[in-house]
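Encoded as structure tokens, the structure appears first; notes follow it.
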Amino acid sequence: MTDEKRDDERKPAQPGARNFGLQRIYLKDVSFESPQAPAVFQGEWKPTLNVNIGTRARALQGDLHEVVLSVTVEAKQDDKVAFLVELQQAGVFLISGFSAEEKQQIAAILCPQNLFPFAREEISNLTAKGGFPQILLQPINFERIFQQGNQPPAGKA
15 MTDEKRDDER
25 KPAQPGARNF
35 GLQRIYLKDV
45 SFESPQAPAV
55 FQGEWKPTLN
65 VNIGTRARAL
75 QGDLHEVVLS
85 VTVEAKQDDK
95 VAFLVELQQA
105 GVFLISGFSA
115 EEKQQIAAIL
125 CPQNLFPFAR
135 EEISNLTAKG
145 GFPQILLQPI
155 NFERIFQQGN
165 QPPAGKA
């Protein structure tokens with residue numbers, strides 16, 4: 015065992031210095047349901063998929079923030095739910111030295127970008143363990159989602 019510390023643990027942050035760091039990643043909540051099994055495995059597999067993504071952030075103590083990426087994947091076969099995956103992938107991030115607006119952008123863009131690969135892997139594994147082909151979620155542009163969510167409604171300034 016060594017007493018080595020990471021660079022971000024060795025020295026305290028300088029007042030006013032900009033710092034961003036991942037402190038911990040964890041699975042906050044997960045659910046997998048296959049209400050039509052085993053009947054769903056008979057016949058040709060041509061599902062329709064519905065994927066919903068959401069994020070939320072909250073301040074913890076000091077400069078620590080929890081960000082939760084929620085992903086729901088529903089597969090339907092002949093208008094019946096074949097499987098449903100609900101997942102909350104979370105992380106604790108150090109965000110300091112940024113303005114309130116910058117912190118909001120970091121929590122909405124950079125943090126979910128760091129969490130998404132873990133969520134994608136877990137969803138892929140869960141669907142495979144449920145007896146279905148792996149679901150490989152495509153990359154998501156969290157910056158575009160953030161920008162679309164922060165645009166004023168048409169005709170308003």
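The sequence shown begins at 15 in this note's numbering and counts up by one. Positions of the beta carbon are idealized from the N, C-alpha and C atoms, including for glycine. Bear in mind the structure is a predicted one, so any value in this text is a computation, not a measurement.
Check                                                                                                                          : Outcome
Rounded straight-line distance, which links the Cα of F97 to that of G144                                                      : 8 Å
Rounded separation between T14 and T62 - CA only                                                                               : The chain is shown from 15 up to 171; residue 14 falls before or after that span and cannot be answered.
Within the region 19-103, ranges of the alpha helix (DSSP H) (whole runs, at least 4 residues)                                 : 21-24
Residue nearest to F112 in terms of C-alpha spacing, selected from K60, H79 and T69                                            : H79
For I137: DSSP bridge partner residues                                                                                         : Answer is none; I137 lacks a bridge partner.
Contacts around R32, its chain only, beta-carbon distance under 8 Å, and the 5 residues preceding and following it disregarded : S110, G111 and F112
Contact check, V95 vs P52, beta carbons under 8 Å                                                                              : no
Start and end residues, alpha helix (DSSP H) containing F156                                                                   : F156 to G163
Where the alpha helix (DSSP H) containing Q119 begins and where it ends                                                        : A114 to Q119
Nearest-angstrom Cα separation, counted from V106 out to R38                                                                   : 5 Å
Coarse secondary structure for L124, derived from DSSP in three states                                                         : helix
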